[in-house]
Amino acid sequence: MAQTKDGNESRTATKKRPNEESSPDKERTITGARAVINGLEEQGAEVVFGIIGGAIMPIYDELGKSDKIRHVTTTHEQGAIHAADAYARVTGKPGVVFATSGPGASNLMTGVANAYMDSSPVISFTGQVATPLIGQDSFQEVDVRGMSDPITKHNYLVMEPKEVPKTIRKSFHLAQSGRPGPIVVDLPKDVQMGEFTREEDSQDEKEFKGYEVNPDVNGQEVEDLADSLLAAERPVVLIGGGIAQAGAESELMKVVEELELPVASSLMGLGCVNSRDPHLIGMVGMHGSGPANKAIAKSDFLLAVGTRLDDRITGNVEEFAPRAEIAHVDIDPAEMGKIIQPDFPVVGDAKKVLSSLNDLVEGKGQIDKEWWGQIRSWFDKYSMDSKGGESVLKPQEVVRALSELTDNDETIVTTGVGQHQMWAAQHYEFTYPNQLITSGGLGTMGFGFPAGIGAQIAAPDRPVVTVTGDGSFQMNIQELTTAVRERLPITVVILRNGSLGMVRQWQQLFFDNRLVETLIDEGTPSLAKVTEAYGGKGISVAEEEGLRPAMQEALNYDRGPSVVECFVAEEENVFPMVPAGAANENFILGEGDA
Amino acid sequence: MPKPKEKQLHPLTALVKNKSGVLSRLSGLLARRGFNIDSLAVGETTDSRYSRMSIIVNGDRKTLDQVVKQLNKQVDVISVKDLSDRSHVERELSLIKVHAGTENRSEIIELADIFRAKVADVGKKFVIVEATGGADKVKALEDLLEEFGIEEIARTGRVVLERAEKRKDEKSE
Ligand SMILES: Cc1ncc(C[n+]2csc(CCOP(=O)(O)OP(=O)(O)O)c2C)c(N)n1
Ligand SMILES: [Mg+2]
Chain A
522 MAQTKDGNES
532 RTATKKRPNE
542 ESSPDKERTI
552 TGARAVINGL
562 EEQGAEVVFG
572 IIGGAIMPIY
582 DELGKSDKIR
592 HVTTTHEQGA
602 IHAADAYARV
612 TGKPGVVFAT
622 SGPGASNLMT
632 GVANAYMDSS
642 PVISFTGQVA
652 TPLIGQDSFQ
662 EVDVRGMSDP
672 ITKHNYLVME
682 PKEVPKTIRK
692 SFHLAQSGRP
702 GPIVVDLPKD
712 VQMGEFTREE
722 DSQDEKEFKG
732 YEVNPDVNGQ
742 EVEDLADSLL
752 AAERPVVLIG
762 GGIAQAGAES
772 ELMKVVEELE
782 LPVASSLMGL
792 GCVNSRDPHL
802 IGMVGMHGSG
812 PANKAIAKSD
822 FLLAVGTRLD
832 DRITGNVEEF
842 APRAEIAHVD
852 IDPAEMGKII
862 QPDFPVVGDA
872 KKVLSSLNDL
882 VEGKGQIDKE
892 WWGQIRSWFD
902 KYSMDSKGGE
912 SVLKPQEVVR
922 ALSELTDNDE
932 TIVTTGVGQH
942 QMWAAQHYEF
952 TYPNQLITSG
962 GLGTMGFGFP
972 AGIGAQIAAP
982 DRPVVTVTGD
992 GSFQMNIQEL
1002 TTAVRERLPI
1012 TVVILRNGSL
1022 GMVRQWQQLF
1032 FDNRLVETLI
1042 DEGTPSLAKV
1052 TEAYGGKGIS
1062 VAEEEGLRPA
1072 MQEALNYDRG
1082 PSVVECFVAE
1092 EENVFPMVPA
1102 GAANENFILG
1112 EGDA
Chain B
254 MPKPKEKQLH
264 PLTALVKNKS
274 GVLSRLSGLL
284 ARRGFNIDSL
294 AVGETTDSRY
304 SRMSIIVNGD
314 RKTLDQVVKQ
324 LNKQVDVISV
334 KDLSDRSHVE
344 RELSLIKVHA
354 GTENRSEIIE
364 LADIFRAKVA
374 DVGKKFVIVE
384 ATGGADKVKA
394 LEDLLEEFGI
404 EEIARTGRVV
414 LERAEKRKDE
424 KSE
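Just so you know, the protein sequences line up as chains A and B, in that order. The numbering used here numbers the first residue of the first sequence as 522 and each following residue consecutively. The numbering used here numbers the first residue of the second sequence as 254 and each following residue consecutively.
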């Protein structure tokens, strides 16, 4: 039985633990497990998310002695890593995760992939079976390094206790430098329990040979870019999450205001330009705004900064910004030409590049007023305002109410994946970078709620709201336990549409309305009541009339998580929409358009 | 049947950490990103902390550019160099086990001689020919030996090194 086996292992672990208060000789040696905790403390880690298990017990035993590190036990490892991911995005410091070997580690993998796709610095420490047992299909053994190879910036299997301190220093450096990304550190149980002397820990300066963190910006490249930008008649700036990562929003705004440039944003870039700022012309891509997609299609110069230009942004690549010269600024050289061959590739930190760009364009005039005239005409033509005031609850209206009732300069918004995610992106007024914490690259249903937990722990004094769907919420609903236990006053707004709505939308539009396996209402319980059963606050609303009071009540509730289950119009779909494979400019505005 | 696209081979040389897991991570990267790799060979350098990888990429310039950049991004990769336009030495070693009885053994040995290949082993039914050289030469010999019947073959894959003395990346270790 697994239980007994785990238990036995733990007894050995306890027996072998060195008694720290004994002889001075002993003080000079420490265990790998102790070194993990010391290393985390040294790096300033304050919170660890995780779940204990046999192969990581020595580390937890040492964690128990630390008063500097807070541990949050989640209900599922996926919850832990999404929380750590959001924690990292809110604090700008790496999120840290502990999980046991085998299933604990494999449960993390979705979250590791999620962090990889969104360049989030998450460091996972996984217990592993003892080194002599590796490779023997031992109890709870999986090849963590092999599994995580394709989804990590880097990973380690630590084979000696004395390697632990170095590995932790390296992991923290790698996770947050250059283009951030997740690191996995696999720690066999005997490495955790084995001892080494502090002298054996060596700095290894050679370690990062060939790893270039912050490449110097090539001044000539920026000059060329600036010349073309100044010569353009219909320029557009396209920003991505890299602006937030680099903290380059004010450098961006300087250039934008200097030249009066229109700015379109990817999902990950939302908030880098305040939604109320007139330069922002909306989100680009599959569910982007009419003006943003039109402007890029008609532009003669596209300045893309801190974006991967992935397929959700470009639509049909051949027809993406077909008339434009493209400048691509990114810290990752491999993004240059990966999808689009830029006319002006500039590798570098967005902050640095934009500030030198600003020096070059300062006082050089503003762009053609005619171009703005055209963009404004698209705003009139493709308005996304809906009427509201209907008896049925429109999902868009729910998001708008949320945006009105929350303090947009303070609130953190996390989302699941699906229609609700797009409505949140389209209708919430974001005002600062990283305000929207969403699964952009991997599109991980179930991300939103645990991300809300991580965000709330990172920012206890700020309001945190999760906008999620009935499908997405139920994918990590078990984290209600965590939120109740930690008394986290997150407000979860569920857009309950009885379906896996985004997929249903595709079926309606592209599969002749054959709804196969997308209606999920049968069997879905009252999510408000479920929340109550967990010990949180649950409220249901089905009409617009009751919406705002219910939402306000939930937002006011501060003794734990609250859920507002909004029964929204089930047939509502997300528009505008660019059908897969189409040019962005050929977006459709409704079902009749398809 | 569409004509198979002509191969565009590009030799790359990479200096990487000599640690367990590195080869698997890097070859996994190449496979997962759909790069077409014609040959991949690895061996330790004079400094045991590093290995040199020789990678022959089949693809256009754009693909090659991505291979170099994606490899460079890996923490365990110290440096990558595209040798397509640099003068370089390229070698492959092939062990070819050929059917050989008393009647044709000397003929095979003669053939090996012409190609400056060695006979590495002689048995009652087979000889093993050890051929070294550029890929073309080794291939030509293999084609000729095919007439006698090749039982088995083992190749090292192609190893490449830039010519001249400016192997800076190695010296500075
Ligand atoms: C883990 C995971 N499984 C499946 C999908 C495919 N998928 C994308 S959106 C979606 C529906 C999401 O449903 P819900 O959370 O209710 O959101 P809605 O679209 O209804 O707002 C599904 C199944 C996914 N993105 N992630
Ligand atoms: Mg739904």
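Cβ coordinates follow ideal geometry from the N, Cα and C atoms, glycine included. Since this is a predicted model, take the numbers as computed values, not measurements.
What number of angstroms, rounded off, separates the C-alpha of E598/A from the C-alpha of S820/A?
E598/A and S820/A: Cα-Cα distance of roughly 45 Å.
Taking 7 Å as the line, does the beta carbon of S471/A fall inside it for any heavy atom of ligand 2?
Examination of residue 471/A is not possible in this model, given that chain A is present from 522 through 1115 alone.
Pick from F646/A, P615/A, S771/A and Q564/A: whose alpha carbon is nearest that of A576/A?
Out of F646/A, P615/A, S771/A and Q564/A, F646/A has the C-alpha closest to the C-alpha of A576/A.
Say the cut is 7 Å; is the CB of G1067/A nearer than that to a heavy atom of ligand 2?
Result no, Cβ not under 7 Å from ligand 2.
Ligand 2 heavy atoms versus the CB of L1143/A: any closer than 7 Å?
Because chain A spans 522 through 1115 in this model, residue 1143/A falls outside it and cannot be assessed.
For L407/B, does the count of other Cβ atoms within 10 angstroms reach 16, so buried, or fall short, so exposed?
The displayed chain sequence assigns Ala, not Leu, to residue 407/B. Classification of A407/B: exposed, given that the 10 Å Cβ count is below 16.
Under a Cβ-count criterion, where at least 16 other Cβ atoms within 10 Å of its own Cβ denotes burial, should N540/A be classed as buried or exposed?
Summary for N540/A: the model assigns pLDDT 48, below 50, so the residue's position carries little reliability, and this model does not support an answer.
Comparing C-alpha positions only, which one of I958/A, A979/A, D864/A and Y903/A sits nearest to A816/A?
Of the listed residues, the one whose Cα sits closest to A816/A is Y903/A.
Comparing C-alpha positions only, which one of A370/B, G376/B and R369/B sits nearest to N357/B?
Nearest C-alpha to N357/B: G376/B.
Would you say D225/B faces chain A, with C-beta separation under 8 Å as the test?
Here chain B has residues from 254 to 426 only, and residue 225/B is not among them.
Which residue wins for smallest C-alpha separation from V1095/A, given the options D1114/A, N1077/A and V874/A?
For the residues D1114/A, N1077/A and V874/A, the minimum Cα distance to V1095/A belongs to D1114/A.
DSSP three-state call for R411/B: helix, strand or coil?
R411/B falls in the coil class under three-state DSSP.
Would a check of beta-carbon distances place S292/B closer than 8 Å to chain A?
S292/B does not count as touching chain A.
Check Q956/A in the structure and name its three-state DSSP category.
In this structure, Q956/A counts as coil in the three-state DSSP scheme.
Output the boundary residues of the alpha helix (DSSP H) element that contains I290/B.
First-last for I290/B: N289 to E297, but that is the beta strand (DSSP E), not the alpha helix (DSSP H).
Using the beta-carbon count (16 or more within 10 Å), is E856/A buried or exposed?
The residue is buried, with at least 16 neighbouring Cβ atoms inside 10 Å.
Would you say the segment 1084 to 1100 of chain A touches the segment 910 to 925 of chain A, given that touching needs at least three Cβ pairs under 8 Å?
Yes, they touch.
Can we say the segment 360 to 371 of chain B touches the segment 386 to 404 of chain B, given the rule of at least three CB pairs closer than 8 Å?
Enough Cβ pairs lie closer than 8 Å, so yes.
Can you give me the Cβ contacts of S786/A inside the same chain, cut-off strictly under 6 Å, excluding the 5 residues immediately before and after it?
Here the set comprises I760 and M804.
From the DSSP output, read off the bridge partner residues of T989/A.
Paired residue(s): I1015/A.
Can you tell me the Cα-Cα spacing of R700/A and D853/A, whole angstroms?
Rounded to whole angstroms, R700/A to D853/A spans 6 Å at the Cα level.
Quick check on this structure: which residue in Q1028/A, I1041/A, A972/A and Q1029/A has the alpha carbon closest to the alpha carbon of V1013/A?
The option with the nearest alpha carbon to V1013/A is A972/A.
Can you give the Cα-Cα distance for T965/A and H694/A, rounded to whole angstroms?
If I take the Cα positions, the gap works out to 27 Å.
Could you check if L1021/A belongs to the surroundings of ligand 1, using beta carbon to heavy atom distance under 7 Å?
Checking every heavy atom of ligand 1 against the Cβ of L1021/A, one is found closer than 7 Å.
Please name the residue in L782/A, L1036/A, V867/A and G571/A whose C-alpha comes closest to that of Q741/A.
Out of L782/A, L1036/A, V867/A and G571/A, V867/A has the C-alpha closest to the C-alpha of Q741/A.
Roughly how many angstroms separate the alpha carbons of L678/A and Q657/A, rounded to a whole number?
Each residue's Cα considered, the two are about 16 Å apart.
I want to check one thing, is the minimum distance from the CB of M996/A to the heavy atoms of ligand 1 below 7 Å?
M996/A Cβ: within cutoff of ligand 1.
In the structure shown, what three-state DSSP assignment does L678/A receive?
L678/A falls in the strand class under three-state DSSP.
Applying a beta-carbon distance threshold of less than 9 Å, which residues of chain B neighbour Y637/A?
Simply none; closest approach about 12 Å.
Kindly indicate the opening and closing residues of the beta strand (DSSP E) around N311/B.
Its beta strand (DSSP E) spans residues Y303 to N311.
S292/B: which of R411/B, V391/B, S337/B and H352/B sits nearest, CA to CA?
Nearest C-alpha to S292/B: R411/B.
Would you give the residue range spanned by the alpha helix (DSSP H) that R1025/A belongs to?
Residues G1022 to F1031.
Just to confirm, is the Cβ distance from V705/A to V633/A under 8 Å?
In contact: V705/A and V633/A (Cβ atoms closer than 8 Å).
Should G616/A be listed as close to ligand 3, given that the test is whether its C-beta is under 7 Å from any heavy atom?
Absence of ligand 3 is noted for the structure shown, with ligand 1 and ligand 2 being the only ligands found.
Using only the alpha-carbon positions, how far apart do R344/B and K350/B sit?
Rounded to whole angstroms, R344/B to K350/B spans 20 Å at the Cα level.
For G616/A, name the three-state secondary structure that DSSP assigns.
G616/A falls in the strand class under three-state DSSP.
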